[in-house]
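Peer 1:
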Amino acid sequence: MRGVSGVVGVVVTIALVVGGLAVVGHLNPQRQLRVGTDRLGPESGEQVTDYLARAEASLLGNDAEPRWGSVSFDRELTAEQAYAAANGVRISMVLFRVPLDRVQTPILTVGVPGSERSILNATARAAGQIQESFGVEDRQAQIDAVSQRRLLSGCACVVTVVVRGTAAELSEVAGRDGVRAVEALPPDAVSGKFAVEPLLPEHIDVVGPLPDDGPVPAE
Numbered sequence: 001m002r003g004v005s006g007v008v009g010v011v012v013t014i015a016l017v018v019g020g021l022a023v024v025g026h027l028n029p030q031r032q033l034r035v036g037t038d039r040l041g042p043e044s045g046e047q048v049t050d051y052l053a054r055a056e057a058s059l060l061g062n063d064a065e066p067r068w069g070s071v072s073f074d075r076e077l078t079a080e081q082a083y084a085a086a087n088g089v090r091i092s093m094v095l096f097r098v099p100l101d102r103v104q105t106p107i108l109t110v111g112v113p114g115s116e117r118s119i120l121n122a123t124a125r126a127a128g129q130i131q132e133s134f135g136v137e138d139r140q141a142q143i144d145a146v147s148q149r150r151l152l153s154g155c156a157c158v159v160t161v162v163v164r165g166t167a168a169e170l171s172e173v174a175g176r177d178g179v180r181a182v183e184a185l186p187p188d189a190v191s192g193k194f195a196v197e198p199l200l201p202e203h204i205d206v207v208g209p210l211p212d213d214g215p216v217p218a219e
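Residue numbering for the sequence shown follows the UniProt record's numbering, starting at 1 and increasing by one per position.
#1: Does Thr-147 come out as helix, strand or coil in the three-state DSSP assignment?
#2: Using 9 Å as the threshold, is the C-beta distance between Thr-105 and Ser-147 below it?
#3: Can you give the beta carbon distance from Glu-76 to Ala-156, rounded, assuming they're within the 8 Å contact cut?
#4: What are the start and end residues of each continuous alpha helix (DSSP H) run of 4 or more residues lying completely inside the segment 155-179, in chain order?
#5: Out of curiosity, what's the CA-to-CA distance linking Gly-41 and Val-112?
#6: So the beta strand (DSSP E) Asp-38 belongs to, where does it begin and stop?
#7: Give every residue of the same chain whose Cβ lies closer than 6 Å to the Cβ of Thr-37, excluding the five residues on either side of it in the sequence, and list them in chain order.
#8: Within a Cβ cutoff of 6 Å, which residues of the same chain sit near Arg-150, ignoring the five residues on either side of it in sequence?
#9: Have a look at the DSSP bridge pairing and note the partners of Glu-46.
#10: Nearest-angstrom Cα distance between Pro-211 and Arg-102?
#11: With DSSP run on the structure shown, which of helix, strand or coil describes Glu-65?
#12: Hey, is the segment 115-122 in contact with the segment 166-175, meaning 3+ C-beta pairs nearer than 8 Å?
#13: So for Arg-75, helix, strand or coil by DSSP?
#14: Can the beta-carbon of Ala-184 be found closer than 9 Å to that of Gly-69?
#15: How is the beta strand (DSSP E) around Leu-95 delimited, first residue to last?
#16: Residues bridged to Leu-108 by DSSP?
#17: Once you ignore the five residues that flank Gly-61 on each side, which residues in its own chain have a CB closer than 6 Å to its CB?
#18: Quick check on the burial criterion: 16 or more other C-beta atoms within 10 angstroms. Buried or exposed for Asp-50?
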């Protein structure tokens, strides 16, 4: 009986400890971790007009907290032009796509610390992301080769930049020439925890895959 009473005592003690922890947890609830579902840019299949309205609505608000946002252009820009369009708002990421008529080319993403030099150098860094492929008759190898050459020549290939600024600053960028859309995330969005999808200049009515039935140019 003594052994049984000892076991009962241990069980009661554990129950009291667990109950106490439950009370503490209730009085001091942990902050829920944000699920990484934030996204900048349109959804596949989304009407462009709907996305433009959604992006504009994301800029509403009078708070002065900085937030992450994407700036999409109405045409491809050089890195220098994209830097100027941001008008002093810090750029943290540059998205490139070499425009080839009716040819799908890759989206290349380059992270930058925000200085003018880092943004101007981003075009060459994007070219370095393209892996050399073998087989000159292979379509993808041809696309990669011409994309790399155009990037190394400093092409107008910037389609989107990711920036960080207040709602007022992002609204000012949205009104600049050549800017098609600016979308902002909530202030509590975490760097590196959100996806970015560019709104391409070729997306006119509906966001979706572009045609890929055209010839690949030699240069």
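For each residue, glycine too, the CB sits at the ideal point set by N, CA and C.
Peer 2: Taking the geometry as given:
#1: Start at 1 with the first residue of the sequence shown, and residue 147 comes out as number 147. Note on identity: in this sequence residue 147 is Ser, with Thr being the wrong assignment. Helix, per DSSP.
#2: Taking the first residue of the sequence shown as position 1, residue 105 is located at position 105. Taking the first residue of the sequence shown as position 1, residue 147 is located at position 147. Yes, they are a contact pair.
#3: To locate residue 76, count along the sequence shown from 1; it is residue 76. To locate residue 156, count along the sequence shown from 1; it is residue 156. Contact holds; Cβ gap of about 5 Å.
#4: 167-174
#5: Translated into positions along the sequence shown, residue 41 becomes position 41. Translated into positions along the sequence shown, residue 112 becomes position 112. Taking the straight line from one Cα to the other gives about 19 Å.
#6: Residue 38 sits at position 38 when you count from the first residue of the sequence shown. Taken as a continuous stretch (DSSP letters only), the beta strand (DSSP E) holding Asp-38 covers 38-40.
#7: Stepping through the sequence shown from its first residue, residue 37 is reached at position 37. Same-chain partners within the cutoff: there are none.
#8: Residue 150 sits at position 150 when you count from the first residue of the sequence shown. These residues qualify, in order along the chain: Val-98.
#9: In the sequence shown, the residue the question calls residue 46 occupies position 46. The partner list for Glu-46 (beta bridge, DSSP) is empty, contrary to what the question assumes.
#10: In the sequence shown, residue 211 corresponds to position 211, counting from 1. In the sequence shown, residue 102 corresponds to position 102, counting from 1. Approximately 5 Å between the Cα atoms of the pair.
#11: Position 65 of the sequence shown, counted from the first residue, corresponds to residue 65. Coil, per DSSP.
#12: no
#13: As a working note, residue 75 is residue 75 in the sequence shown. If DSSP states are grouped into helix, strand and coil, Arg-75 belongs with the strands.
#14: Walking along the sequence shown from the start, residue 184 turns up at place 184. Walking along the sequence shown from the start, residue 69 turns up at place 69. The answer is yes: Cβ separation under 9 Å.
#15: Working through the sequence shown from its first residue, we reach residue 95 at position 95. First-last of the beta strand (DSSP E) with Leu-95: 90-96.
#16: Reading the sequence shown from its first residue, position 108 is the one you call residue 108. Per DSSP, Phe-96.
#17: Residue mapping note: residue 61 aligns to position 61 of the sequence shown, counting from 1. Excluding positions up to five away in sequence, the list reads Ala-167.
#18: Start at 1 with the first residue of the sequence shown, and residue 50 comes out as number 50. Exposed: under 16 other Cβ atoms inside 10 Å.
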